[in-house]
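Read top to bottom, the protein sequences are chains L and V.
Going by the working numbering, the first sequence opens with residue 1, and the numbers climb by one from there.
Going by the working numbering, the second sequence opens with residue 142, and the numbers climb by one from there.
Even for Gly, the Cβ is constructed at its ideal location relative to N, Cα and C.
Note that the structure is predicted; figures quoted are calculated from it, not measured.
Below you'll find the structure, written out as structure tokens, and then a few comments.
2 protein chains.
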Amino acid sequence: MDDAQHDGYRLDEQVGFLLRRATQRHLAIFAGLIGGLTPTQFAALAKLCEMGPTSQNALGRATAMDAATIKGVIDRLRDKGLVATLPDPIDRRRLMLAPTEAGRAAYDTARPLAQRITADTLAPLTPAEQAAFLALLARLG
Amino acid sequence: MDDAQHDGYRLDEQVGFLLRRATQRHLAIFAGLIGGLTPTQFAALAKLCEMGPTSQNALGRATAMDAATIKGVIDRLRDKGLVATLPDPIDRRRLMLAPTEAGRAAYDTARPLAQRITADTLAPLTPAEQAAFLALLARLG
DNA sequence: CGGGCATCGTTTGCATACGAACAGTTCAGG
DNA sequence: CCTGAACTGTTCGTATGCAAACGATGCCCG
Chain L
1 MDDAQHDGYR LDEQVGFLLR RATQRHLAIF AGLIGGLTPT QFAALAKLCE MGPTSQNALG
61 RATAMDAATI KGVIDRLRDK GLVATLPDPI DRRRLMLAPT EAGRAAYDTA RPLAQRITAD
121 TLAPLTPAEQ AAFLALLARL G
Chain V
142 MDDAQHDGYR LDEQVGFLLR RATQRHLAIF AGLIGGLTPT QFAALAKLCE MGPTSQNALG
202 RATAMDAATI KGVIDRLRDK GLVATLPDPI DRRRLMLAPT EAGRAAYDTA RPLAQRITAD
262 TLAPLTPAEQ AAFLALLARL G
């Protein structure tokens, strides 16, 4: 071993690497339970249903998405018929968003699954550890 | 509030959303301290320096990257002159990788920064919380 | 009231990521 | 020995993500 050359540094101990691995596993679990909707798309749809009609950029901020990113997400949700877009008559810069009937139905269907996805992702931990982990993770946002 | 319609579900409490936010913050910190190298590129370079010469797919597995993903990462590292590639004479399917002089130098320079990136990312937590968080996070991979 | 400034959405370019399909290579078992 | 399974790297398509630049619009303040 040439560990002496590495100052005790290990890639496997760096937060970034661990975050990436955890995200990968979560993504796999998500895809297994919710098909036809990506985590990002679901996040946008969920937040839109929670918030009610909003502008595109505002929804992006609420879901921590770049203006460029939220645009693509909304485009795809609209293509799927889950979100309706119409220009704001008052502020003509704005593009107002609202979930369609199908969008609300998809949200209602996916919501319990989303909770199970969180549960499955955290399954390796005990309930007490899960709560502690979520609390710590929330402070790193 | 129409929380009654949401079964106590909150997007902001789901692991996937929190993981995404934490990853975003980490990425920003990384980009601020290490320029000219992405987290993924650094991970591949670091693991290659730790492991010594390896094949492309093997490095991908060691760094939790798809075969399609590691290809692009290695291509860019080679374009930067940090990694050398040559075909394996024994197994002609394999593409052997090794860090160049510049690659090792870049790794040596970036390694202390990487540790500081981890420290900065975890800064909102106390040292005890940091250790606990990392231990829990590692079990979710 | 008018000009500078901020905000909105859009586009482009780059870099992960993953699934699926592909051709070339190796190897184990019959 | 030879065939089929497994593995290697590649390519394509799709979806995030961010930075930067852009035109259009709204608004504050002098």
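8 Å Cβ cutoff, residue i in contact with chain L
| i | result |
| --- | --- |
| K188 (chain V) | yes |
| L152 (chain V) | yes |
| P265 (chain V) | yes |
| E242 (chain V) | no |
| L160 (chain V) | yes |
| G282 (chain V) | yes |
| A184 (chain V) | yes |
Own chain partners of residue i with C-beta closer than 7 Å, once the 5 adjacent residues on each side are dropped
| i | result |
| --- | --- |
| L174 (chain V) | L254, R257 and I258 |
| L218 (chain V) | Q182, A185, L186 and V224 |
| L86 (chain L) | M96 |
| H26 (chain L) | T121 |
| G81 (chain L) | T100 and A102 |
| A251 (chain V) | I175, L178 and F183 |
| P194 (chain V) | M237, L238 and A239 |
| R104 (chain L) | C49 |
| D216 (chain V) | none |
Cut-off 6 Å between Cβ atoms - residues of its own chain near residue i, not counting five sequence neighbours on either side
| i | result |
| --- | --- |
| A62 (chain L) | K47 |
| Q143 (chain L) | Shown here, chain L extends from 1 to 141; a query on residue 143 (chain L) therefore has no answer. |
| G149 (chain V) | none |
| A119 (chain L) | none |
| A106 (chain L) | L82 |
| R20 (chain L) | none |
Within 8 Å, strictly: CB atoms of residue i and residue j
| i | j | result |
| --- | --- | --- |
| V83 (chain L) | T40 (chain L) | no |
| A64 (chain L) | L159 (chain V) | no |
| L281 (chain V) | A22 (chain L) | yes |
| N198 (chain V) | A208 (chain V) | yes |
| E270 (chain V) | L136 (chain L) | yes |
| G157 (chain V) | F30 (chain L) | yes |
| L55 (chain L) | D88 (chain L) | A small fix is needed here, since residue 55 (chain L) is Ser in this sequence, not Leu. Yes, these two residues count as a Cβ contact at 8 Å. |
| A272 (chain V) | A132 (chain L) | no |
Residue-chain proximity (residue i, chain V), Cβ-Cβ < 8 Å
| i | result |
| --- | --- |
| Q14 (chain L) | yes |
Cβ neighbours of residue i in the same chain (closer than 8 Å, five flanking residues each side left out)
| i | result |
| --- | --- |
| L152 (chain V) | F158 |
| L275 (chain V) | L263 |
| A169 (chain V) | none |
Give, in chain order, every residue of the region 203–222 of chain V whose Cβ lies closer than 7 Å to some Cβ of chain L. A205
Run through the region 21–51 of chain L for me and flag every whole alpha helix (DSSP H) of 4 or more residues, listed as ranges in chain order. Within the region 21–51 of chain L, the complete alpha helix (DSSP H) runs of at least 4 residues are 39–51.
Closer than 8 Å, Cβ to Cβ, to anything on chain L: give me those residues from the region 253–279 of chain V, in chain order. P253, A255, Q256, I258, T259, T262, L263, P265, L266, E270, A273, F274, L275, L277, L278 and A279
Between the region 163–184 of chain V and chain L, which residues of the former have a C-beta closer than 7 Å to a C-beta of the latter? A163, T164, Q165, R166, H167, F171, P180 and A184
In chain order, what are the residue ranges of uninterrupted beta strand (DSSP E) at least 3 long that sit wholly in the region 74–111 of chain L? Fully enclosed beta strand (DSSP E) runs of 3 or longer: 83–87 and 95–99.
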